[in-house]
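*Asks:* Residue numbers for the sequence shown follow the working numbering, beginning at 3 and rising by one.
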Amino acid sequence: MKIHDVGLLASSVALLLVVSESCAILSPSGTPVVLKRTQMHMGTLVSITAVGQTNRDANEAINAGFQEVKRLEQLLSTWIPESELSRVNIAAGRKPVLVSPETMTVVQRSLQVAEMTEGAFNIAIGPAVDAWSVSAEPRIPTAAELEVLKPLMDLHAVHVNVRERTIYLEKSGMRIDVGGIGKGYAADQAVMAMKKAGGVAGVVALSGDIKTFGWLPDGNKFSVGIQHPRKEGVILAEIDLQDEAISTAGDYERFFEKDGIRYHHILDPNTLQPARGCQSVSVIAKEGVWADGLDTGIFVLGPGRGMELVEQLDDVEAIIVDQAGQVHVSSGLRNRVRILLEVEGEGRSPKP
Ligand code: ADP
Ligand code: MG
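1) Kindly indicate which three-state DSSP category leucine 343 falls into: helix, strand or coil?
2) Can you check DSSP and say which residues form a bridge with glycine 74?
3) Check each candidate in His161, Thr119, Ile169 and name the one with the smallest Cα separation from valine 101.
4) What first and last residue would you give for the beta strand (DSSP E) that runs through leucine 154?
5) What do you reckon, is the C-beta of serine 85 under 7 angstroms from a heavy atom of ligand 1?
6) Give me the Cβ distance between threonine 51 and valine 291, rounded to the nearest whole Å; I'm assuming they're in contact under 8 angstroms.
7) Reducing DSSP to helix, strand and coil, say where methionine 42 ends up.
8) Please classify isoleucine 371: is it buried, with 16 or more other beta-carbons within 10 angstroms of its beta-carbon, or exposed?
9) Using 8 angstroms as the threshold, is the C-beta distance between alanine 277 and phenylalanine 301 below it?
10) Does ligand 1 have even one heavy atom less than 7 angstroms from the beta-carbon of phenylalanine 123?
11) Mind listing, in chain order, the residues whose beta carbon lies closer than 7 angstroms to a non-hydrogen atom of ligand 2?
12) With DSSP run on the structure shown, which of helix, strand or coil describes tyrosine 254?
13) Roughly how many angstroms lie between the CA atoms of aspartate 179 and glutamate 147, to the nearest whole one?
14) State yes or no: is the C-beta of alanine 293 within less than 8 angstroms of the C-beta of serine 333?
15) Please say whether alanine 251 and isoleucine 268 have beta carbons closer to each other than 8 angstroms?
16) Is it buried or exposed, proline 140, if we count other Cβ atoms within 10 angstroms and call 16 or more buried?
17) May I ask you to check if the CB of glutamate 234 is nearer than 7 angstroms to at least one heavy atom of ligand 1?
18) Extract the residue ranges of the beta strand (DSSP E) inside the segment 237–293, only unbroken runs of 3 or more that lie entirely within it.
19) Thinking C-alpha only, which one of Glu62, Val160, Met44, Met118 is nearest leucine 296?
20) So, with DSSP's three-state summary, where would you put leucine 10?
21) Is aspartate 132 near ligand 1, judged by its Cβ being under 7 angstroms from some heavy atom?
22) Where proline 219 and proline 271 are concerned, what is the direct C-alpha to C-alpha distance, given to the nearest angstrom?
23) Just checking isoleucine 127 against ligand 1 - is the residue's beta carbon closer than 7 angstroms to any of the ligand's heavy atoms?
24) Check this for me: beta carbons of lysine 223 and aspartate 242, under 8 angstroms apart or not?
25) Spell out a yes or no on whether the segment 224–238 and the segment 336–344 are touching, meaning 3 or more CB-CB pairs, one atom from each, closer than 8 angstroms.
26) Quick check on the burial criterion: 16 or more other C-beta atoms within 10 angstroms. Buried or exposed for arginine 336?
27) If you run the structure through DSSP and keep just helix, strand and coil, what is serine 88?
28) With a CB to CB cut of under 8 angstroms and the five nearest residues on each side skipped, what residues in its chain are close to glycine 121?
29) Between glutamate 70 and aspartate 190, what straight-line distance do the alpha-carbon atoms span, to the nearest angstrom?
30) Excluding the 5 residues preceding and the 5 following histidine 330 in the sequence, name in chain order all residues of the same chain whose CB lies nearer than 6 angstroms to its CB.
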């Protein structure tokens, strides 16, 4: 059994920033400055690039971005026992919990993505993810074990009261976790904070969840690379973004292999087994919260139904690498994305 958990390491960065890798491009006075800094937050590597009129402006924009990510982590992380979401989870089956507007928004968006993806995206799936413990000591849970957990994944039992600003999980043992959408939301919010602090352009990248605003001082857009799903650190495709977000869900981030079969961290809520249709899904949208929620949901839907959904949505595009290694590009991206390499198909899948 091989265990791979690169989710927390620098090498896991699903989307590598191609441009602005340099730490500081100091320019002659009068022209904008580009700065980049990296820190660990939300269990991942967060890089923030800022363009400012001065060194100080760019630095302040970066500080504001990191500050916002840290603030949201305190609200949303289920690794922090006192976070708002942890308090919602602890009160499951007992009582509603008052939450901040930010937590409310993420949970509402999560339920919207669930609806858009016909339940493929499900923030209550945590107990099943734990049963697989894909990132700790990997094991294959029995069908009976998973069946017992199924009622806990019922999204009708997640009650959101907008007026009172409370969230109530009706069944004890239920748990909500925004691991599949929260980083995209944090990228959006960090960008807003950077703009407020005087940043004129920039990029916030929480591992594979990236949001950009504006453009580089030379007039170029921010170029991002999409990670090859089977070659660590190798870029499969490139795309230029302006005031857009990109997010990638892949089966290579946290997984283990047994008897030649890959078991990874994105589960199909119908079967509670790892979703089998894709190797990776990258979604581009105006906002990171949609890009992040949809990449996970579309990963579960698979390339056929997933691309159908993308084509129905305005301002949402996708690059899907299916299980056979075929790269599917949505109609709005065909002239924008540069595919650099091919992907091999999968050797073995479990018997249905
Ligand atoms: P990451 O960048 O952390 O890998 P993803 O956007 O790829 O995030 O989402 C993966 C995370 O989402 C998993 O770690 C798990 O906690 C959660 N998850 C797994 N399956 C689902 C699902 N069907 N719906 C929503 N969240 C899921
Ligand atoms: Mg996601």
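Idealized CB from N, CA, C, for every residue including glycine.
*Replies:* A quick look at the data gives this:
1) coil
2) Note that residue 74 is leucine in the sequence shown here, rather than glycine. Leucine 74 pairs with nothing; no bridge assigned.
3) Ile169
4) Counting along the chain, leucine 154 falls outside any beta strand (DSSP E), and DSSP gives it neither H nor E.
5) no
6) Rounded, the Cβ-Cβ distance is 20 angstroms, inconsistent with contact.
7) strand
8) The requested residue 371 is not part of the displayed model; the chain covers only 3 to 354.
9) yes
10) yes
11) Gly182, Ile183, Gly186, Ser249, Ala251, Asp294, Gly295, Asp297, Thr298
12) coil
13) 20 angstroms
14) no
15) yes
16) buried
17) no
18) 237–243, 247–252, 256–260, 263–266, 280–287
19) Met118
20) Only weak support is given to the placement of leucine 10: the predicted model assigns it a pLDDT of 27, under 50, and the question is left unresolved by the model.
21) no
22) 45 angstroms
23) yes
24) yes
25) yes
26) exposed
27) helix
28) Leu157, Pro271, Asn272
29) 10 angstroms
30) Pro305, Met309, Ile322
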